[in-house]
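First comes the structure, then the notes that go with it.
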Amino acid sequence: MSTTIVQNKEYRNKQRIKDNFISAFIGFFAIVWIFPILWTVWTSLRPYNDIISNGVFSWPRHLNLDNYFTAFRKMGLTHYFLNTLYVTIPAVGLTLFLGSLIAFVVSRYSFRFNLSLLLLFTAGNMLPIVLTYIPVFWLYIKIGDLFGNRSLLYNNYLGIILVHVAFQVGFATFVLSSYMKTVPKEISESAIIDGASVFRHYWNVMLPLLRPPLAALGVLMSCWIYNDFFWALILMSEDSKRPVTSALRQLQGQYITDFNLLAAGASIVAAPTVILFFVLRKQFVSGLTLGSTKG
Amino acid sequence: MSDVNNGISRRSVLKGAAIGGVGLAAGGSLLAGCGKKKVTGDVHFTIRGNLSDAGAKINVAVNEAYTAKTGNKVISQAVNSDDFQNNFVQIMQGTPDDAFGWMAGWRTNARADAGLLADVSEQVKALGSTLSAAAIQGATNPKDGKQYIIPTTYYPWGLHYRKSTMQELGLDPENIATWDDLIKLCEATQKKGLVGYAMGDKGGWEAMGTFDIINMRLNGYQFHIDLLNGKEQWTDAKVVDVFTHMGQLIPYMNKNFLDIEWDGCRDLLLQKKAGAMMMGSWFANDFKAKSQADYDDLWIVAFPEMNPEHGIDSIDAPLDGVSVAANAKNVEGGADLAQFWGSKEGIDAAVAAGDTSIYISSEFDTSTYDAFNKQKLAVLGEAKNIGFFLDRDTRGDFAGPVVGPALQSFLKNPKDVTKILENVQKQWDALPAL
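Chains as they are written, first to last, in our numbering: chain A, 1 to 295; chain B, 1001 to 1434.
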């Protein structure tokens, strides 16, 4: 009797040490990850003047929110946020729609090319976008010239939306098809026996079941597209049409950059994604494990 | 010079010709009228750099003055300078704005050779004698002798220091006439516990300013430009001499010169931790941001003479201006606006809006300038030859990737100079022809 108690105690102690070690480990990395963000916020509260006269590591003489107000005013944020919405909402919607269509076909119907089709879409995802930007640029210009309007795709929201859809649809297909494979075949079979057409099968049977992965993907993709700066920079010649990430570049001068103001701007621009994360935390976490149960 | 923009249509000329002899006279007046043809249509304009409050005001003021004069509307946008430069080739091949703020030197000439910029020689000619010969020379593409940029402003690279620091140390930087004087000044500053010659070269380009000026002082402007364009060898004893002199400054530099960028270097001066700093004087507003007293304390002098043959006849003064996209919708309108930015009316509008840039034009009124800006003018006035700074005087794929790291490794290990210069020459030789 007494020996088991001792053993339990030993076991508990061992467990406690292990827990503590793990907590310390996690805590350490949490600090490493959170530090740059906290430093950005900290920097954003200090005036530029304070930094140049006393140095970055000096004790602050003044702390205020002036940088936030200035950044908000200088960046014309409302305008750029709207631009981001014009791009993000259609792009995410289209990606999910097209991705789920392809995923549906490759996972529910078996034909000769369905694996290679899935591979094609997934492989496209591996291509670094910087390799493709010159061809995409010329493609847009040439297509525009073909229709006699150079701004058909280039310097146009349509072009940015399409390029995002093209690059994200591969990942969406991959995730959605993996998820669809976990949905019992019997559901599809009964739908087909009941006489559902292909589209009805997709729209009324599969799509409602896809709600969790669609929500998770929607959140992830909104964040990715929201954070994009590259395509807008390459494919938009007018700055007033670019998304909010490029508004940040407005805060940088040719020679002189007020990093405190920039930090405030960055915090403002990052805020929506952070808020989105906290509101849709559940979807985010399920997004991490999407498609991991069955490949 | 299409029919549409001439104001006189082809038909009216034919009509004139029909009346016989009068036709000749009409033809003559048409030719004479060419120079003053009216340019119409909206003009799109890109300005680089952030539209800080002052910059925005100047941009609006000049463009509004142009609209008031010509009736042509200007639609302007501000873009990040780096993004614009990095994507320049794409932007120019897409749907570029008609005119845009740009930089003279290699960055203009190479793009002009590629057919991306419109010829503005006519506009430069119209501005004529208001531009100094050196400015026109600087804006001219050596390959075809035409101008692709209307030069407007420039700023000097010189030795900056704080008057109060020098006074406390009992030094007189106004009288550093020779290299030995400069070394003595650095030594004296260092003895008092300050940094003698502030340097920050983390960016790789900052030390180019020091290299440029020593090369121009020792070997003259022509040798410097020839060297940067492959007509002289980097392994030349003359270049080695430049590096030897640069090496003499290293003991007086702050030890962390490879850890800080130009702004760290500026802070040394701002915080009264350094004596002299070789830098372009764009940062003066940071002194003003700290306080008016700090700004009033700032001063600039020309780099001292090193070779009596060349005296102080050269300076690095990056020349900015306005260029026109060859691919633009309204090339003529763009060129007209570009010319306006370089004209007296344009400059007056800019200065009235608070611009403190140094304009090239001889018609530019400096009476509203403060002492520091007048001193900048004086420093510029001493020079006959204007370099544009190494990264604008030579190929873009040579300055940043080759010379920058070479200067950094030299500052780290000055003894390796022969090896470093051989390496630079080898890399120049390996560059593909343009």
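Where a beta carbon is used, it is the ideal one built from N, C-alpha and C, also for glycine. Computed from a predicted structure; not experimentally measured.
query                                                                                                                         : result
Cutoff 8 Å: A/Q250 Cβ touching any chain B Cβ                                                                                 : yes
Sequence-distant residues of the same chain with beta carbon closer than 6 Å to B/M1279, five excluded per side               : H1160
Under 8 Å between C-beta atoms of B/L1319 and B/Y1154                                                                         : yes
Burial state of A/R46 (16 or more Cβ within 10 Å)                                                                             : buried
Interface flag, B/A1274 vs chain A, CB-CB below 8 Å                                                                           : no
Start-end ranges of the alpha helix (DSSP H) lying completely within the segment 1300-1380 of chain B, minimum 4 residues     : 1331-1342 and 1344-1352
DSSP three-state assignment for B/A1118, whether helix, strand or coil                                                        : coil
A/S240: contacting residues in chain B (beta-carbon distance under 7 Å)                                                       : Q1077
8 Å contact criterion, which A/I160 and A/L280 should meet: CB distance rounded                                               : So it is not a contact: roughly 24 Å between Cβ atoms.
Coarse secondary structure for A/M236, derived from DSSP in three states                                                      : coil
Where the beta strand (DSSP E) containing B/P1151 begins and where it ends                                                    : I1150 to Y1154
Chain-order list of residues whose beta-carbon lies under 6 Å from that of B/N1219 (same chain, five-residue window excluded) : K1238
Test item: CB-CB of A/Q252 and B/A1078 under 8 Å                                                                              : no
Length of the line joining the Cα atoms of B/T1394 and B/T1040                                                                : 37 Å
Identity of the residues DSSP links to B/W1157 by a beta bridge                                                               : B/G1280
Nearest residue (CA-CA) to B/K1344, options B/K1255, B/Q1271 and B/T1152                                                      : B/T1152
Contact list for the segment 1271-1299 of chain B against chain A, Cβ threshold 7 Å                                           : Q1271, W1282, F1283, D1286, A1289 and K1290
Reduced DSSP secondary structure (H/G/I, E/B, other) of A/H201                                                                : helix
Terminal residues of the beta strand (DSSP E) in which B/A1198 lies                                                           : V1195 to A1198
Closer than 8 Å to chain A by CB, B/D1083                                                                                     : yes
Where the beta strand (DSSP E) through B/W1102 begins and ends                                                                : A1099 to M1103
Cross-strand partners of B/R1162 (DSSP beta bridge)                                                                           : B/L1298
Segments assigned alpha helix (DSSP H), at least 4 residues, entirely inside the segment 1226-1279 of chain B                 : 1237-1249 and 1262-1270
Supposed close pair B/A1328, B/D1098 - CB separation, criterion 8 Å                                                           : 4 Å
Within chain A, the residues that B/Q1190 reaches when beta carbons sit closer than 8 Å                                       : Going along chain A, no residue has its Cβ under 8 Å from B/Q1190, so there is no contact; the nearest lies around 21 Å.
Nearest-angstrom beta carbon gap, B/A1139 and B/G1321 [assumed within contact, 8 Å]                                           : 7 Å
Alpha carbon of A/H369 to alpha carbon of A/D50, nearest angstrom                                                             : This structure gives no information on residue 369 of chain A, because the portion of chain A shown stretches from 1 to 295.
Closer than 8 Å to chain B by CB, A/F29                                                                                       : no
Reference A/Y133, options A/L233, A/D194 and A/A270, closest by Cα                                                            : A/L233
Paired residues, beta bridge with B/N1385 - DSSP                                                                              : B/S1314
Within 8 Å, strictly: CB atoms of B/A1383 and B/K1057                                                                         : no
Supposed contact pair B/A1114 and B/N1141 - C-beta distance, whole angstroms, cut 8 Å                                         : B/N1141 to B/A1114, Cβ: 11 Å. No contact.
Boundaries of the beta strand (DSSP E) in which B/Q1147 is found, first to last residue                                       : From DSSP, B/Q1147 is part of no beta strand (DSSP E); its letter is neither H nor E.
Alpha helix (DSSP H) segment containing A/V106, residue limits                                                                : L77 to R108
Among A/L119, A/A71 and A/F171, the one whose alpha carbon lies nearest that of A/L98                                         : A/F171
Interfacial residues, the segment 112-140 of chain A to chain B, with Cβ spacing under 9 Å                                    : Y133, I134, F137, W138 and Y140
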